[in-house]
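Down below is the structure, laid out as structure tokens.
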Amino acid sequence: MIAFPNIKINIGLNVIRKRNDGFHDLETIFFPVNMSDILEVVLADKSRNEAFVFSASGRKIDANPNENLCVKAYELLKKHYDIPALDIYLHKLIPFGAGLGGGSSDASFVLRMINEICNLNISTSELEKYALQLGSDCPFFIQNRPAFAQGRGEVLEPIDLDLKGKFLVIVNPKIHISTKVAFSGIKAVEAKTSLKQLVKLPIQQWKDNIFNDFEAHIFRLFPEIKKIKHEMYMCGADYASMTGSGSSVYGIFSQKVNFPQAIYADFL
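One rule links them: number in my numbering = place in the sequence shown (from 1) + 21.
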């Protein structure tokens, strides 16, 4: 079985409060985008000794293979279900640590694919619970449709957000921003108006109303990221923003534009 785990962008990201468990409550809009890795899960030879083999190619993954979220997804289901020997092949095209959710998407797709190929009959809600054990934005990729997210990002409410016909450009400056660094400059503040309401505004009004709380801190540390956002607007973007805690920046345009640094440029 072959699948194509896609990325997401965040439209707005408000950090609301720090929780007693060390996580932060936030609200954001997750929007799926058709830029993907390539993932294959196949039943392996039953006679071999190894129950599981994971192989990766493409972009370098800056982590121990045993710590890869695809491996963790397999091991998580293996604890609860009788899963036969499997081979998982990942060809990495999405930049690592770019704020695009690539690793989370890979992991969630592994859960979905094992559920299907092994006929486990795990419900969508249960898959989302397993996904949350792998990462805060993993549950989104189970249903993989536009959603208003709260909590750590796992409390999801599907929304009707149609950007069809818009041209999306994504630039990744190849700067890895750790979660610790990203949150170190954040002051959690309750949003005056919910993103669920603000995203209903005409897209031309998003610039003055929808913000990513990580930008101010990250832009101070890495002015080159701020410059990319500025260049998006200079090229005529209706809306531009850093996605997640960085470092990728996207712009939404009403017409096709040429942005040489783009890792993604296509109509939605």
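We put the beta carbon where it would ideally sit given N, CA and C, even for glycine.
Under three-state DSSP, which class holds residue i?
i	result
Leu111	strand
Val190	strand
Asp287	strand
Asn31	strand
Phe169	strand
Phe162	helix
Val202	helix
Phe274	strand
Leu184	coil
Leu177	strand
Ala152	helix
Comparing C-alpha positions only, which one of the options sits nearest to residue i?
i	options	result
Arg38	Ser146, Val210, Gly120, Glu175	Val210
Ile180	Thr49, Lys150, Gly120, Ala119	Thr49
Ser215	Pro223, Ile135, Gly122, Leu34	Leu34
Ala152	Phe169, Arg173, Asn140	Arg173
Lys201	Asn31, Ile32, Phe44	Phe44
Ala212	His101, Leu97, Asn233	Asn233
Val192	Ala261, Trp227, Ala203	Ala261
Met134	Ala24, Gln276, Val278	Ala24
Give me the Cβ distance between residue i and residue j, rounded to the nearest whole Å; I'm assuming they're in contact under 8 Å.
i	j	result
Ile249	Val270	4 Å
Val131	Cys159	That belief does not hold up - the Cβ atoms of Val131 and Cys159 are roughly 10 Å apart, past 8 Å.
Phe52	Phe188	With a Cβ gap of about 14 Å, Phe52 and Phe188 do not count as contacting.
Gly361	Gly267	Not covered by the structure: residue 361. The range shown for the chain is 22 to 289.
Gln164	Thr145	7 Å
Phe169	Glu178	5 Å
Val36	Leu47	5 Å
Met255	Glu236	Going by Cβ atoms, the distance from Met255 to Glu236 rounds to 17 Å, so no, they are not a contact pair.
Determine the contact status of residue i and residue j, defining contact as a CB-CB distance below 7 Å.
i	j	result
Leu155	Lys93	yes
Phe75	Ile109	yes
Pro194	Ile273	no
Gln225	Asp259	yes
Leu219	Ile207	no
Ala72	Ala106	yes
Ile138	Ile28	no
His112	Ile59	yes
Tyr285	Met22	no
Pro244	Ser126	no
- Query: Which whole runs of the beta strand (DSSP E) in the stretch 40–125 are 3 residues long or more, in chain order?
  - Reply: Those beta strand (DSSP E) runs which fall completely within the stretch 40–125 and span 3+ residues are 45–57, 59–64, 73–79, 107–113.
- Please specify which runs of the alpha helix (DSSP H), each continuous and at least 4 residues long, are wholly inside the stretch 221–264, giving them in chain order. Counting whole runs of 4 or more residues, the stretch 221–264 contains the alpha helix (DSSP H) stretches 236–242, 244–255.
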